[in-house]
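Under the working numbering, the first residue of the sequence shown is numbered 570, with each subsequent residue one higher.
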Amino acid sequence: GKKIGSASTNLLDPESIENTVAKALQIARNQKDNPHFRSLPPAGGKYASVDTFDAETASFTPDQRAQIARKVIEVAKRNHLIASGALSTGTIQVAVANSLGIQECQSFTRGALKIVFQTSDGASGYAESFSARMREIESEQMAHQAAEKCAKGTHPAVLPPGQYTVVLEPYAVGDMVGFLAYLGFGALAMQEGRSFMCGRLGQRITGENITIWDDGTSACGMPLPFDFEGVPKQPVTLIENGTARGVVYDSYTAGREEGKSSTGHALPAPNTFGPVPLNLFMKSGDSNLQEMIESTERGIYVTRFHYTNPLEPIKAVITGMTRDGTFLIEDGQIKNGVRNLRFTQSILEAFSRVSMISRDTKLVPGLEEELGGTVVPALKIEKFNFTGATAAV
570 GKKIGSASTN LLDPESIENT VAKALQIARN QKDNPHFRSL PPAGGKYASV DTFDAETASF
630 TPDQRAQIAR KVIEVAKRNH LIASGALSTG TIQVAVANSL GIQECQSFTR GALKIVFQTS
690 DGASGYAESF SARMREIESE QMAHQAAEKC AKGTHPAVLP PGQYTVVLEP YAVGDMVGFL
750 AYLGFGALAM QEGRSFMCGR LGQRITGENI TIWDDGTSAC GMPLPFDFEG VPKQPVTLIE
810 NGTARGVVYD SYTAGREEGK SSTGHALPAP NTFGPVPLNL FMKSGDSNLQ EMIESTERGI
870 YVTRFHYTNP LEPIKAVITG MTRDGTFLIE DGQIKNGVRN LRFTQSILEA FSRVSMISRD
930 TKLVPGLEEE LGGTVVPALK IEKFNFTGAT AAV
């Protein structure tokens, strides 16, 4: 048929599951035919074998988490700082089945630590890390990084709005790449005419030093071998050397175009977003953060963005605030803290003015908090647009 219905439950006993199926059928029967719906995906695809489960992380105890939190708090106390943050460990299991033979299941572990330190006068520092293996999270090193930012952030300057050279840590870069995925890297956004990729495939949309792709099979990120329809993930090049190359598909959006098939990027149903890449990568360069700072005569160092929102999706314009470590760079050195600034900036324009890219990359959280992630370098960008300031550091 051509009718679609969906229902959900958090009760997994047989009766509750049967009732949920009945609800989905009832909803489908009351729908109009959807001419774009081709079929649920059939079985037969082979997905990559990826290591997503760590027994040590799965068995992490409350006492072990408390010991890590204690060490972080001790660093804050030694530096006379106020500590806040979050530490979590857990296991997720994703199972997908349909009446055409798909039966896929994968278990995932995840440990995550977020640290925010503050001084009594409001300067703050930040560090975040997550991994499928809790032992890879270096909590004390992260705490010292956050404390160092607090020390540098005292006596903040107030800068006027304008265009500045910026050095962005991977946290901020990941936010920008994630918004590209949300706004325009999915086929539904293209088909509905609201993507910045519309009519631009094969055309230059960023600088030649920018390449972005999605790969749910790479062990360098947080791999997810199949999507929420059970279709194997395929690597998809989105931007290559500045040129728009492609978008991701699920089975529904593939059915709307001749000759297209799912790339394995369906989200859980129901959703209004369509397919979205959850395992993003940006190509690294040959620089590092220190070289970026030393090469900057006057600019702003940004740890991360906060409360970022889209303004003009078709132009990939976003707005948000700097947070938890914003500093003035003068004569190749970080001089002092800066009161947080509001930015309003086209991501595509910013990525057309990237002058340096770090060699090292970092895995940062992506669009989906529980699954997936974004692997990005640090960037130095010219003429980044700041439109206002706040009273906060």
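Backbone N, C-alpha and C define an ideal beta-carbon position, used for all residues, glycine too.
Query raised in the report: Do you know how far the Cα of V816 is from the Cα of L757?
Result: In the sequence shown, the residue the question calls residue 757 occupies position 188. In the sequence shown, the residue the question calls residue 816 occupies position 247. Going by the C-alpha atoms only, they are around 9 Å apart.
Query raised in the report: How far does the alpha helix (DSSP H) with G824 in it reach, from first residue to last?
Result: Residue 824 sits at position 255 when you count from the first residue of the sequence shown. Here the alpha helix (DSSP H) through G824 covers S820 to G824.
Requested in this report: State the Cα-Cα distance for the pair A664 and E673, rounded to the nearest angstrom.
Outcome: Position 95 of the sequence shown holds residue 664. Position 104 of the sequence shown holds residue 673. In a straight line, the C-alpha of A664 is about 6 Å away from that of E673.
Query raised in the report: Are the segment 600-618 and the segment 666-680 touching, with three or more C-beta to C-beta distances below 8 Å?
Result: When C-beta atoms of the segment 600-618 are compared with those of the segment 666-680, three or more pairs fall below 8 Å, so the two segments count as touching.
Query raised in the report: Candidates K852, L917 and G894: which alpha carbon is nearest P879's?
Result: Translated into positions along the sequence shown, residue 879 becomes position 310. For the residues K852, L917 and G894, the minimum Cα distance to P879 belongs to L917.
**Report entry** Nonlocal neighbours in the same chain, by C-beta distance under 8 Å from V685, ignoring five residues either side
**Finding:** Residue 685 sits at position 116 when you count from the first residue of the sequence shown. The residues A652, S653, G654, S693, G694, Y695, A715 and D893, in chain order, have a CB closer than 8 Å to that of V685 in the same chain once the five nearest residues on each side in sequence are set aside.
**Report entry** Of the residues Q902, W782 and A597, the one placed nearest G811, counting alpha carbons only
**Finding:** Here residue 811 refers to the residue found at position 242 of the sequence shown. Nearest C-alpha to G811: W782.
Query raised in the report: Alpha carbon to alpha carbon, what distance is there between G755 and T626?
Result: Counting from 1 along the sequence shown, the entry for residue 626 is found at position 57. Counting from 1 along the sequence shown, the entry for residue 755 is found at position 186. Near 33 Å, if we compare the C-alpha coordinates of G755 and T626.
**Report entry** Contacts around A838, its chain only, beta-carbon distance under 6 Å, and the 5 residues preceding and following it disregarded
**Finding:** Counting from one through the sequence shown, the residue named residue 838 turns up at place 269. Here the set comprises S575.
Query raised in the report: In chain order, which alpha helix (DSSP H) runs of at least 4 residues are fully inside the segment 858-905?
Result: Listed in chain order, they are 858-863.
Query - Same chain, Cβ closer than 6 Å to G843, five either side skipped, listed in chain order - result: Walking along the sequence shown from the start, residue 843 turns up at place 274. For G843, where only same-chain residues beyond five positions count, the Cβ hits under 6 Å are G755, L757 and T822.
Query raised in the report: With a Cβ-Cβ cutoff of 8 Å, do S915 and K949 count as a contact?
Result: Looking up residue 915 in the sequence shown gives position 346. Looking up residue 949 in the sequence shown gives position 380. It is not a contact, given that the beta carbons lie outside the stated cut-off.
Query raised in the report: Which two residues bound the contiguous beta strand (DSSP E) that contains K683?
Result: Residue mapping note: residue 683 aligns to position 114 of the sequence shown, counting from 1. Per DSSP, K683 belongs to the beta strand (DSSP E) from Q672 to Q687.
Query raised in the report: Is the segment 641-650 in contact with the segment 710-727, if contact means three or more CB pairs nearer than 8 Å?
Result: yes
Query raised in the report: Quick one: is E709 buried, meaning 16 or more other Cβ sit within 10 Å of its Cβ, or exposed?
Result: In the sequence shown, the residue the question calls residue 709 occupies position 140. The residue in question, E709, is exposed, as its Cβ has fewer than 16 Cβ neighbours within 10 Å.
**Report entry** Cβ pair count under 8 Å reaching 3, the segment 720-734 against the segment 742-752
**Finding:** no
Query raised in the report: So what does DSSP say about F795, is it helix, strand or coil?
Result: The residue labelled residue 795 in the question sits at position 226 within the sequence shown. Residue state, collapsed to three classes: strand.
Requested in this report: Look up D690 in the DSSP assignment and say whether it is helix, strand or coil.
Outcome: The residue labelled residue 690 in the question sits at position 121 within the sequence shown. D690 falls in the coil class under three-state DSSP.
Requested in this report: Could you tell me which residues DSSP pairs with F953 in its beta bridges?
Outcome: Residue numbering aside, residue 953 sits at position 384 when the sequence shown is read from its first letter. DSSP output for F953 lists Y733 as bridge partner(s).
Query raised in the report: Excluding the five sequence neighbours on either side, which residues of its own chain have a C-beta within less than 8 Å of the C-beta of A597, listed in chain order?
Result: Numbered from its first residue, the sequence shown carries residue 597 at position 28. Here the set comprises G570, K572, I573 and G574.
Requested in this report: Pull up the distance between the alpha-carbon of M861 and that of L581, whole angstroms please.
Outcome: On the sequence shown, residue 861 is found 292 positions in, with the first residue counted as 1. On the sequence shown, residue 581 is found 12 positions in, with the first residue counted as 1. M861 and L581: Cα-Cα distance of roughly 53 Å.
Report task. Would you list the residues sitting across from S698 in a DSSP beta bridge? Result -> Translated into the one-based positions of the sequence shown, residue 698 becomes position 129. When DSSP reads this structure, S698 sits in a beta bridge with L682.
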